[in-house]
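So the sequence shown is numbered by my numbering: it starts at 1 and just counts up by one. Ideal Cβ positions, reconstructed from N, Cα and C, are used throughout, including at glycine. Down below is the structure, laid out as structure tokens.
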Amino acid sequence: MQIMKDHTFSSLVRLNIGGKKFCTTIDTLTQDEPDSMLAAMFRGRLTVSEDPDKGYVFIDRDGKHFRHILNCLRDGVVPTLTDAGYSELTREAEYYQLLRESILF
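Spelled out as structure tokens, the structure:
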């Protein structure tokens, strides 16, 4: 495990969320939710697990709704989902400590 202190805020980051792969910037993960778990991970306040051969930061969660979380962090839009889907998305947003009202319904 290593702390991601050497990355700049515009750096690309590759994520493996429960086997699903995502690519984004550290800025996207940290700028609007500075107290979130994602911000803590990529601003060096939490230790992260990174696969040194493949360069992915691994988060042991179901990746089903992470694309929705990532898109909401990018543009503030929450997708239209079923009630069960909203419930699952809310649970994931809470896990990542995302407090934005547009994510937490």
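Query: Helix, strand or coil for residue 49? Go by DSSP, reduced to three states.; Result: strand
Query: Report back the beta-carbon spacing between residue 70 and residue 24 to the nearest angstrom; my notes put them in contact at under 8 Å.; Result: 6 Å
Query: What are the start and end residues of the alpha helix (DSSP H) that includes residue 90?; Result: 83 to 95
Query: Can you check DSSP and say which residues form a bridge with residue 23?; Result: 14
Query: Three or more C-beta pairs closer than 8 Å, one from the segment 9 to 18 and one from the segment 51 to 62: is that the case here?; Result: yes
Query: Could you check the C-alpha separation between residue 11 and residue 36 for me, to the nearest Å?; Result: 18 Å
Query: Which term fits residue 96, buried or exposed, when burial requires 16 or more other beta carbons within 10 angstroms of its beta carbon?; Result: buried
Query: Sort 65, 76 and 98 by Cα distance to residue 84 and report the nearest one.; Result: 65
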